[in-house]
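Protein chains: 2
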Amino acid sequence: MTTQALIVIDVQNAIDDPKWGRRGQREAEVRIAELLAAWRERRLPIVHIRHDSTDPASPYRPGTQGNEFKDEVAPQIGEPVVDKRTNSAFIGTDLMDVLDELQVRSLVVTGVLLENSVDATVRMAAGLGFEVIIPEDAVASVDRKDHRGKNWSAEDVHALALSLLEGEYARITTSAEIIGNLP
Amino acid sequence: MTTQALIVIDVQNAIDDPKWGRRGQREAEVRIAELLAAWRERRLPIVHIRHDSTDPASPYRPGTQGNEFKDEVAPQIGEPVVDKRTNSAFIGTDLMDVLDELQVRSLVVTGVLLENSVDATVRMAAGLGFEVIIPEDAVASVDRKDHRGKNWSAEDVHALALSLLEGEYARITTSAEIIGNLP
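As you go down the protein sequences, you meet chains A and B in turn. With my numbering applied, the first sequence corresponds to residues 1 to 183, in that order. With my numbering applied, the second sequence corresponds to residues 1001 to 1183, in that order.
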């Protein structure tokens, strides 16, 4: 069986900032914590992705409380942390080297926002030849107003964003199913 | 003023195959042809992206009628054509070299499908530091059923996909506005 790495994207205090609007999938952090526990118990590889925004107005900018990982998903000693500045965790980072070193070709991708950094990272991962699995209850979206003024709920953004990735880029499942299938 | 390249993604006969489902934005090819004419008149750089699917069941596989460019947007002699095998035009291709050679840092991105290869290419382009402009009437989407069975019209997929790219990855405008602002 191929070694699967658990990837946790951008789950930092900044995601609780009100500027992003109403969030859906409020249990995503709980599901990610359960996945982390399952991975740690089996000593499987975990990679934490931290967003270091270059925008001075962003709650994700380095050196602030917002930039720190949320307690419930914080890295443990020895777990690799990859810092990124763009949306994709593969651009301007050493993520590819970290995954090569771990001899990983399959990724379970979790985190926030599904429709932004998770999406950009998943699309690149698939293009680079990785198998990608997304537990739908461990990724979260926010409400969105489109460029014509129509409002979309976080639940609809979540459903459509997952559907656009399904098949072509990723397999969509649940965290319980993933944990249940671990060796 | 920065030189803008016009990028046309995957507008091959294969996109008319019924397997993709009902398509919206039926006038996208007309808008792309108008953009191509405006670019050619001013001798501005154009890059054509051709999808060479590795899936034997895909209408985009090389050596078939489906793989050929649609007549109305076909490359003219001397215009670069970049062949890709994944959704992103930057993965496994020389697109970056072609754009560097043209000294281009701004892209007007058109083509199909907005929610698939256009999206994957735009997200990478922005991450790689390009300015990206999308004329909303020169990109097209198809109807989609999500993983929970809900149907989404091509018009809704188009609106939400554009909205997810807007600001963070691209500026959304119209082909008329772009042509009107050309030098």
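Using N, Cα and C, we set each Cβ at its ideal position, and we do this for glycine too.
List the whole-angstrom C-beta distance separating residue i from residue j, where the pair is believed to meet the contact cut-off of C-beta under 8 Å.
i	j	result
E1029 of chain B	K1070 of chain B	6 Å
A1120 of chain B	D146 of chain A	Not really, about 20 Å apart at Cβ, beyond 8 Å.
V1098 of chain B	P1075 of chain B	Going by Cβ atoms, the distance from V1098 of chain B to P1075 of chain B rounds to 13 Å, so no, they are not a contact pair.
L1128 of chain B	I91 of chain A	6 Å
R22 of chain A	A154 of chain A	6 Å
Leaving aside the five residues before and after residue i along the sequence, list all residues of the same chain whose C-beta is less than 6 Å from its C-beta, in chain order.
i	result
Q1004 of chain B	S1106, V1108
L1006 of chain B	L1035, W1039, I1046, V1108
D184 of chain A	The question about residue 184 of chain A has no answer here: the residues shown for chain A are numbered 1 through 183.
T1093 of chain B	V1082, K1084
W152 of chain A	R144
R1171 of chain B	I1133
V157 of chain A	E115, S141, R144
G1167 of chain B	none
L165 of chain A	V122
L1095 of chain B	V1082, A1089
If you drop the 5 nearest sequence neighbours on each side, which residues of the same chain put their C-beta closer than 7 Å to that of residue i?
i	result
E1068 of chain B	Q1012, N1013
Q169 of chain A	A quick correction: the sequence has Tyr, not Gln, at residue 169 of chain A. Cβ neighbours of Y169 of chain A beyond the five flanking positions: V122, R123, A126, V132.
G1066 of chain B	Q1012, N1013, A1014, D1017, P1059, Y1060
G78 of chain A	none
F1130 of chain B	R1105, S1106, L1107
L1182 of chain B	A1038, R1042
N1087 of chain B	N1116, S1117, A1120
Looking only at its chain, what residues have a beta carbon closer than 8 Å to the beta carbon of residue i, apart from the 5 residues adjacent to it on each side?
i	result
E1177 of chain B	P1135
R31 of chain A	T110, P135, D137, A138, S175
T1173 of chain B	I1133, I1134, P1135, E1136
A33 of chain A	E72, V73
G55 of chain A	Here the sequence assigns Asp to residue 55 of chain A, which means Gly is not the residue at that position. For D55 of chain A, where only same-chain residues beyond five positions count, the Cβ hits under 8 Å are R61.
D1027 of chain B	The amino acid occupying residue 1027 of chain B in the given sequence is Glu; Asp does not appear at that position. These residues qualify, in order along the chain: D1137.
What does residue i touch in chain A if you count any residue whose Cβ is under 9 Å from its own?
i	result
E1029 of chain B	None at all; the shortest Cβ gap to chain A is about 22 Å.
R1026 of chain B	None at all; the shortest Cβ gap to chain A is about 19 Å.
What residues from chain B crowd round residue i, counting only those whose CB sits closer than 8 Å?
i	result
A176 of chain A	What A176 of chain A touches in chain B: nothing, since even the nearest Cβ is about 16 Å away.
L162 of chain A	D1146, H1147
E190 of chain A	Beyond the ends of chain A as shown, which are 1 and 183, falls residue 190 of chain A; an answer cannot be given.
Output, in chain order, the set of chain A residues within a Cβ distance shorter than 8 Å of residue i.
i	result
A1159 of chain B	D146, H147, R148, K150
S1153 of chain B	Those within 8 Å of S1153 of chain B in chain A number zero; the least Cβ separation is about 11 Å.
I1172 of chain B	H147
R1022 of chain B	Those within 8 Å of R1022 of chain B in chain A number zero; the least Cβ separation is about 16 Å.
In chain A, what lies closer than 7 Å to residue i by C-beta?
i	result
G1127 of chain B	T86, N87, S88, I91, A120
R1191 of chain B	Outside the shown range of chain B, which is 1001 to 1183, sits residue 1191 of chain B, and nothing can be said about it.
Along chain B, which residues have their Cβ under 7 Å away from the Cβ of residue i?
i	result
R40 of chain A	The contacting residues do not exist; R40 of chain A stays about 29 Å from chain B at best.
Of all the residues that make up the stretch 129-150 of chain A, which are near chain B by a beta-carbon distance shorter than 7 Å? R144, D146, H147, R148, K150
Going along the stretch 72-105 of chain A in order, which residues come within less than 7 Å of chain B, judged by CB to CB distance? T86, N87, S88, I91
Those runs of the alpha helix (DSSP H) which lie wholly inside the stretch 111-137 of chain A and span at least 4 residues: Within the stretch 111-137 of chain A, the runs of alpha helix (DSSP H) at least 4 residues long that lie entirely inside it are, in chain order, 119-127.
Quick one: complete alpha helix (DSSP H) runs, 4+ long, within the stretch 149-181 of chain A? 154-165, 175-180
Positions along the stretch 45-72 of chain A whose CB lies within less than 8 Å of some CB in chain B: none
Inside the stretch 71-101 of chain A only - beta strand (DSSP E) runs reaching at least 3 residues: 81-84
Starting from the N-terminal side, write out each stretch of the alpha helix (DSSP H) that is 4 residues or longer and does not extend beyond the stretch 1021-1057 of chain B. 1028-1041
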